[in-house]
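Structure, as structure tokens:
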Amino acid sequence: MKRSYHDLNDEQQQAVIHNAGPALILAGAGSGKTRVITYRILRLIDELKVSPFRILAVTFTNKAAQAMKDRVGGLIGPQRAREIFIGTFHRLCLSILKLHADKLGYQPGFTIYDDSDQKALIKECLWDLKWDEKQVHPYAVHSYISAAKNELKNPKEYEEVVAGAFMERVAQIYPRYQAKLRENNAMDFDDLLFNGVLLLKQYPDILESYRKRFEYIQVDEYQDINMAQYQLISAIAHPLNNLYVVGDPDQSIYGWRGADIRNILRFEQDFPGAKVFKLEQNYRSTKSVIQAAQAVIRNNSQRKEKELFSLREMGETPTYYQAEDDKDEAEFVVKTLYERLGEPGRKFSHVALLYRTNAQSRVLEDACRRHNIPYVIVGGLKFYDRKEVKDLLAYLHVLVNPKDSVSLRRMINVPIRGIGGGTVTKLEESAKKQDITLLEAAHQAAQSGEFPKKATQALLNFTQIMEGLIAEKDLILPGEFVKMVLERSGYLTDLANDDTLESKMRAENLKELVNSVVDYEKYAEKPTLEGYLDQVSLFADADKLDDKRNCVTLMTMHNAKGLEFPIVFITGMEEGLFPHNNSMEEDSEVQEERRLCYVGMTRAMDILYLTGAACRYVYGTPQWRAPSRFLSEIPKDMIQVTGKAASIVATQGGLYEVEGAKKKKAFDELKDPEWDEEGVAAPFALGETVKHKKFGKGMVISMIGSGEDLKVTVSFPNHGKKQLLAKMAHLEKVE
DNA sequence: CGGCGTGCCCTTTTT
DNA sequence: GGGCACGCCG
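For the first sequence, this note's numbering assigns the number 143 to the initial residue and increments by one for each residue that follows.
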């Protein structure tokens with residue numbers, strides 16, 4: 143039977159009926175790209191008689207993968223849908239590596255190290271090298287190593303591209319870090335991709351088997367692909383090149399993670415004969431929203447020409463509100479939100495509060511709590527990052543992979559059982575000397591009694607607990623087993639003894655963790671502890687989003703990609719925050735920020751608010767900043783401007799006034815006694831002209847701090863921008 | 001060994 | 001504002 147795809151528009155149909163060979167679908171925000179991929183898969187199976195087993199669909203998040211599974215399942219039935227490999231890049235690589243880990247010198251039960259594990263290992267390297275971690279930041283080192291891996295450079299190859307002092311240091315750490323990962327039978331996130339590609343390169347027969355298996359490949363969010371991911375996909379796709387990629391260059395926002403927008407821009411060169419389809423009709427948003435978003439993104443030079451349009455009604459013109467400070471901003475958001483919820487049919491779950499940095503969530507969260515608004519935060523401190531959860535997971539990791547010394551060190555004295563830092567150091571030395579695992583060394587020391595009596599007893603106690611658990615591990619279901627770990631480790635008892643609200647919450651979280659294991663058992667084909675840990679390691683916070691709960695959603699704009707909400711607030715529209723200070727030097731970075739702004743704006747279906755504060759507390763000090771340049775890129779008739787604060791909008795060329803905004807002379811009049819008891823008055827207004835003895839007249843651009851520490855950034859016509867300590871600079875006001 | 005106070009520096013975004 | 005490393009004391 144020939145299916146007619148009558149619920150697709152023309153351009154979507156064209157894209158769906160593409161048969162074989164490479165295809166690039168340039169899909170604008172809200173143009174129905176998930177739908178196109180889903181129908182494409184359906185068509186492959188129904189009409190081209192492709193076996194579901196031969197289809198691969200790769201996404202960036204588990205959530206996107208799950209959504210695709212559900213939709214395909216709805217069309218062809220869950221049974222057949224299960225045969226399709228739909229998953230993230232990391233999941234795909236993991237499944238390859240699990241089968242062939244031994245070929246790269248790993249054991250199948252290898253642990254996947256998360257951020258904090260990775261940092262711990264880097265610190266060990268620094269310790270070995272006797273380098274000060276205050277001078278060589280572990281975080282920075284890791285991001286360099288991560289970048290190297292994403293470009294598929296091993297330590298040797300990395301040495302060849304070293305440029306500068308810091309990279310030289312990284313080049314010394316990188317091989318040590320890799321050696322340690324190996325000792326611990328562990329891989330980090332980037333290794334999953336790196337080793338996946340490595341394996342396929344080194345073993346043509348394995349590559350061949352995947353080429354045979356995956357005849358048709360679909361890739362979602364192709365604009366965010368990095369070098370490793372590109373190599374992986376093109377290796378498997380070759381030589382048939384039945385590669386169907388969907389993406390939007392305007393939504394490429396992961397450059398900092400190695401994503402290379404050029405991959406999508408040069409797709410046609412990479413895969414000659416590629417068909418290109420454009421989806422330009424947006425179904426999601428009103429005309430007003432699309433217009434404003436287009437007005438912003440139009441300012442990017444690095445684009446593939448594409449003009450998004452909406453056939454929906456004009457709708458409400460987006461609003462910009464300039465608040466006095468971050469608390470006022472949060473109050474505005476919450477009050478407005480309440481007003482809008484008074485409209486018929488509105489629910490809390492219709493609303494998203496978006497921001498650039500996770501730190502911004504706190505003020506918004508406080509405001510929600512104050513006004514009894516139910517909310518969920520996506521990102522920030524994740525469930526699996528909580529101390530108690532990580533502690534329990536560390537037990538599980540060690541039990542599955544006894545070589546995992548990072549986890550062992552974490553849990554060996556949790557709860558406190560008298561195995562202190564000194565003892566652990568001695569154990570490490572002994573383990574190193576004999577080339578055995580930490581756990582084995584602990585066992586040995588407990589038996590031999592070479593340590594002080596107290597320590598020996600503690601070690602004996604500990605190793606007995608672990609042995610007992612190891613004996614049970616494969617005999618009972620993971621859920622039962624995790625409960626057993628909680629009891630035998632003494633973790634629950636320890637929490638129960640401490641009768642505080644905090645420990646009660648911790649106990650709750652641990653119960654929740656047990657629930658998640660039981661949950662996993664239910665749908666896993668063959669539930670194992672190892673399988674559970676793999677799943678947790680690849681879990682992203684965005685995955686937990688579900689719309690069943692009627693809550694307002696708080697998250698970063700990065701996390702919001704792919705989602706939609708009737709009402710969207712984008713907060714923190716300020717120079718220095720959005721675009722972020724760290725991304726203002728390079729034009730390409732500003733362009734990525736602008737794309738992020740575009741992503742944020744196009745999440746809105748009906749109503750869009752942009753808000754910013756004239757004064758914001760960062761690290762506990764007040765900062766005065768001008769409104770985001772992105773606001774100034776929206777033509778005046780496309781945005782309604784309101785606010786309490788100084789009505790100044792920044793442009794690349796300087797500052798200009800917003801029409802219609804309420805003007806105020808000085809910031810010290812702006813204090814709202816209700817919320818800003820301890821608020822700090824600003825001695826200058828942004829845009830105000832001041833005089834400096836040496837530099838002459840200039841305009842105030844921004845201010846940081848207060849009192850003695852107040853620093854004022856002034857733009858002087860002849861001397862450029864200067865940051866001056868107000869105490870020293872003796873700036874005079876000029877009328 | 002472990003608890004607790006002090007001071008520092010920081011996060012921009014995440015699979 | 002807050003997490004984390006370090007140092008002091010019981």
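Ideal Cβ positions, reconstructed from N, Cα and C, are used throughout, including at glycine. Here the structure is a predicted model, which means the values were calculated and not measured.
{"Check": "Collapsed DSSP secondary structure at LYS575 in the structure displayed", "Outcome": "helix"}
{"Check": "Candidates LEU342, TYR286 and GLY762, of which the one nearest PRO317 by Cα", "Outcome": "TYR286"}
{"Check": "Which of helix, strand or coil DSSP assigns to ASN327", "Outcome": "coil"}
{"Check": "Every unbroken alpha helix (DSSP H) within the stretch 485-527, with a cutoff of 4 residues, ordered by chain", "Outcome": "503-512"}
{"Check": "Status (buried if at least 16 other CB within 10 Å, exposed otherwise) for LYS545", "Outcome": "buried"}
{"Check": "ASP149 to ASN327 span [Cα, whole Å]", "Outcome": "50 angstroms"}
{"Check": "LYS786 - DSSP class collapsed to helix/strand/coil", "Outcome": "coil"}
{"Check": "Start-end ranges of the alpha helix (DSSP H) lying completely within the stretch 683-768, minimum 4 residues", "Outcome": "699-702 and 729-743"}
{"Check": "Rounded C-alpha distance that separates THR598 from ARG552", "Outcome": "19 angstroms"}
{"Check": "Nearest candidate by alpha-carbon position, reference ARG758, set GLU449, ALA416, SER844 and ALA282", "Outcome": "SER844"}
{"Check": "GLN411 versus ASP392: straight-line alpha-carbon distance, rounded", "Outcome": "20 angstroms"}
{"Check": "Beta carbon of GLN433 nearer than 7 angstroms to that of MET780", "Outcome": "yes"}
{"Check": "Close beta carbons around GLU530, own chain, < 7 angstroms, minus the five adjacent residues each side", "Outcome": "ARG648, ASN651 and LEU652"}
{"Check": "Between the CA atoms of ILE406 and GLY389 - distance to the nearest angstrom", "Outcome": "8 angstroms"}
{"Check": "Proximity winner among GLU734, PHE681, PRO825 and GLU874, relative to GLN208 (alpha-carbon distances)", "Outcome": "PHE681"}
{"Check": "Three-state secondary structure (DSSP) of TYR480", "Outcome": "helix"}
{"Check": "VAL876 - DSSP class collapsed to helix/strand/coil", "Outcome": "coil"}
{"Check": "Beta strand (DSSP E) runs wholly inside the stretch 361-422, at least 3 long, in chain order", "Outcome": "385-389 and 417-421"}
{"Check": "Neighbourhood of ILE554 by C-beta, 7 angstroms cutoff - its chain only, sequence neighbours within 5 removed", "Outcome": "ILE561, VAL566 and PHE604"}
{"Check": "Cα-Cα separation, LYS807 to PHE826", "Outcome": "Residue placement at LYS807 is poorly supported in this model, since its pLDDT is 33, which falls under 50; the coordinates still yield a value, given next. LYS807 and PHE826: Cα-Cα distance of roughly 9 angstroms."}
{"Check": "Cβ-Cβ distance between GLY785 and GLN464 below 7 angstroms", "Outcome": "yes"}
{"Check": "Cα-Cα separation, LEU675 to THR230", "Outcome": "16 angstroms"}
{"Check": "When GLY849, LEU852 and GLY840 are compared against GLU877, the one with the closest alpha-carbon", "Outcome": "GLY840"}
{"Check": "Nearest residue (CA-CA) to PHE202, options VAL387, GLU310, GLU874 and TYR281", "Outcome": "VAL387"}
{"Check": "When ASN296, ILE439 and ALA472 are compared against ALA370, the one with the closest alpha-carbon", "Outcome": "ASN296"}
{"Check": "Buried or exposed (CB count within 10 angstroms, at least 16 for buried), LYS175", "Outcome": "buried"}
{"Check": "Proximity below 7 angstroms, CB of LEU334 to CB of LEU342", "Outcome": "no"}
{"Check": "Contact set for ILE846: own chain, Cβ-Cβ below 6 angstroms, skip 5 residues either direction", "Outcome": "GLN765 and LYS853"}
{"Check": "N-terminal and C-terminal residue of the beta strand (DSSP E) that GLN865 is part of", "Outcome": "862-867"}
{"Check": "Runs of alpha helix (DSSP H) lying entirely within the stretch 595-665, each at least 4 residues, in chain order", "Outcome": "595-614, 620-630, 633-639 and 643-665"}
{"Check": "Under 7 angstroms between C-beta atoms of VAL339 and LEU374", "Outcome": "yes"}
{"Check": "Span separating the alpha-carbon of SER857 from that of VAL832", "Outcome": "10 angstroms"}
{"Check": "For LYS447, the three-state DSSP class (helix, strand or coil)", "Outcome": "The residue you asked about is not Lys; residue 447 is Glu in the sequence shown. Coil, per DSSP."}
{"Check": "Neighbour-count burial assignment, ALA666, 16 or more Cβ in a 10 Å radius", "Outcome": "exposed"}
{"Check": "Residue burial classification, MET870 (beta-carbon count within 10 angstroms, cutoff 16)", "Outcome": "exposed"}
{"Check": "Extent of the continuous alpha helix (DSSP H) to which SER285 belongs", "Outcome": "280-292"}
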